[in-house]
Amino acid sequence: MSFPNIWNHRKVADTSAKACEVCFKPSTSVLVTPENKDFFYVCVSHLKDRGFCSPIIDHDAIAAKKKKEMDDELDRVKKEYEERLRKKGKDSKQSEDKEKEKEKEKPKENEEKDSKKPEKDEPKPNDKDKTSDDKPPTPEEEPRVFALQRTFFQQRLDRKRQVEMAKRNRERLSNPNYFPSVPKDLP
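Read in the numbering used here, the sequence shown has 103 at position 73, and its numbers run on one by one without any break.
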């Protein structure tokens with residue numbers, strides 16, 4: 031009959047909203063035990079209240095998630111670096127070609143110096159602007175597993191016991207063998 035004090039937070043459809051156990055306002059958030067033995071509706075604001083429940087944080091999962099994010103970031107940075115090296119290699123070859131062309135054009139420029147000014151190469155925009163918009167920052171996820179405070183958990187256990195006792199009493203009353211029989215002997 032007893033169940034652990036571990037509650038999973040789930041959302042239901044807006045049409046299935048029922049009254050919160052604490053404040054009786056309509057709510058779509060439900061706290062459910064892992065074995066689905068018990069559930070109740072509760073407002074999201076109560077989940078943030080430390081006097082009502084506290085989140086159970088799985089530090090191993092968080093560490094694994096951070097490690098995965100760091101690995102992804104490292105791979106992304108490596109790819110960017112390799113791409114920049116490739117572009118730099120292409121740019122250096124192009125710049126060598128341009129220098130050779132400029133050397134050839136210098137005698138011509140000296141002759142036409144009075145009529146035209148030398149043109150300058152325009153700087154290329156930075157590649158950092160492109161890569162900064164790859165992934166938007168993800169908001170921190172709300173906890174999904176909670177532990178009720180002692181008093182609220184005891185209320186849930188008491189309510190569960192009362193429901194089971196009422197069910198047992200109904201079954202006893204419906205059974206005719208539960209009542210005593212009429213005496214057959216004379217007194």
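For each residue, glycine too, the CB sits at the ideal point set by N, CA and C. Just so it is clear, the structure is predicted and the values come from calculations on it, not from any experiment.
{"Query": "Using only CA atoms, which one of LYS197, VAL72, VAL42 and GLU131 lies nearest to ALA49?", "Result": "VAL72"}
{"Query": "Residues bridged to ALA43 by DSSP?", "Result": "Per DSSP, none; premise fails for ALA43."}
{"Query": "Nearest CA to the CA of VAL52: which residue from LYS41, GLY81, PRO210 and SER32?", "Result": "GLY81"}
{"Query": "Going by DSSP in three states, PRO235 sits in which element: helix, strand or coil?", "Result": "The requested residue 235 does not occur in the structure, where the chain is confined to residues 31 to 217."}
{"Query": "Would a C-beta distance cut-off of 8 Å place ASP44 and THR58 closer than the cut-off?", "Result": "yes"}
{"Query": "What does a CB cutoff of less than 8 Å around TRP37 pick up in its chain, not counting 5 residues either side in sequence?", "Result": "LEU61, VAL62, THR63, CYS83, VAL175, PHE176, ALA177 and LEU178"}
{"Query": "So what does DSSP say about LEU216, is it helix, strand or coil?", "Result": "coil"}
{"Query": "When you compare the CB positions of ALA47 and PRO34, do they come within less than 8 Å of one another, or not?", "Result": "no"}
{"Query": "Check the C-beta distance from ARG202 over to TYR208 and give it rounded, since I have them as a contact under 8 Å.", "Result": "5 Å"}
{"Query": "For ARG40, which residues of its own chain have a beta-carbon under 7 Å away from its beta-carbon, when the five flanking residues on both sides are left out?", "Result": "VAL60 and VAL62"}
{"Query": "Buried or exposed for ARG116, going by 16 or more other Cβ atoms inside 10 Å?", "Result": "exposed"}
{"Query": "Ignore the nearest five residues each way along the sequence and tell me which others in ALA196's own chain have a CB closer than 6 Å to its CB.", "Result": "none"}
{"Query": "Could I get the ranges of all uninterrupted alpha helix (DSSP H) runs contained in the stretch 39-103, with 4 residues as the minimum, in chain order?", "Result": "74-77"}
{"Query": "Mapping the DSSP letters down to three states, classify PRO148 as helix, strand or coil.", "Result": "Any answer about PRO148 is weak, because its pLDDT of 49 lies below 50 and its placement is not dependable; what the coordinates show is given next. Coil at PRO148, not helix or strand."}
{"Query": "When you compare only the Cα positions, how much space is there between GLU112 and ILE86?", "Result": "42 Å"}
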